[in-house]
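Sequential numbering from 11 applies to the sequence shown in my numbering. Beta carbons: idealized from backbone N, C-alpha and C, even for Gly. Just so we're clear, the structure is a prediction, and the values are computed from it rather than from any experiment. Structure first, commentary second.
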Amino acid sequence: MKESYLDRLDKIQNKKKKLTIYLTSDMAKKLKVYAAREEKTISQVVEDALTSKLQDVK
11 MKESYLDRLD KIQNKKKKLT IYLTSDMAKK LKVYAAREEK TISQVVEDAL TSKLQDVK
């Protein structure tokens with residue numbers, strides 16, 4: 011089945027960009043533990059935290 015225009019548009023709008031960040035070993039461990047406890051990916055945890063922190067930025 012051919013992909014619809016709306017499906018393609020949704021993929022474009024929700025496309026993620028890969029970033030590299032540096033964390034202390036302790037912070038990285040806490041992030042991994044938290045993500046596992048919440049049954050989320052590390053990316054989901056970071057995105058949730060940044061969304062909350064940056065909600066007023068346009």
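Y32 carries a coil assignment under DSSP once its states are collapsed to helix, strand and coil. Between V55 and L41, the beta carbon gap of about 6 Å places them in contact (Cβ cut-off 8 Å). Taken through DSSP and simplified to helix, strand or coil, T61 comes out as helix.
Taking C-beta separations shorter than 8 Å and ignoring five residues to either side along the sequence, the partners of T51 in its chain run A45, following chain order.
For K28, the closest of K12, R47, D66 and S53 by C-alpha to C-alpha distance is S53.
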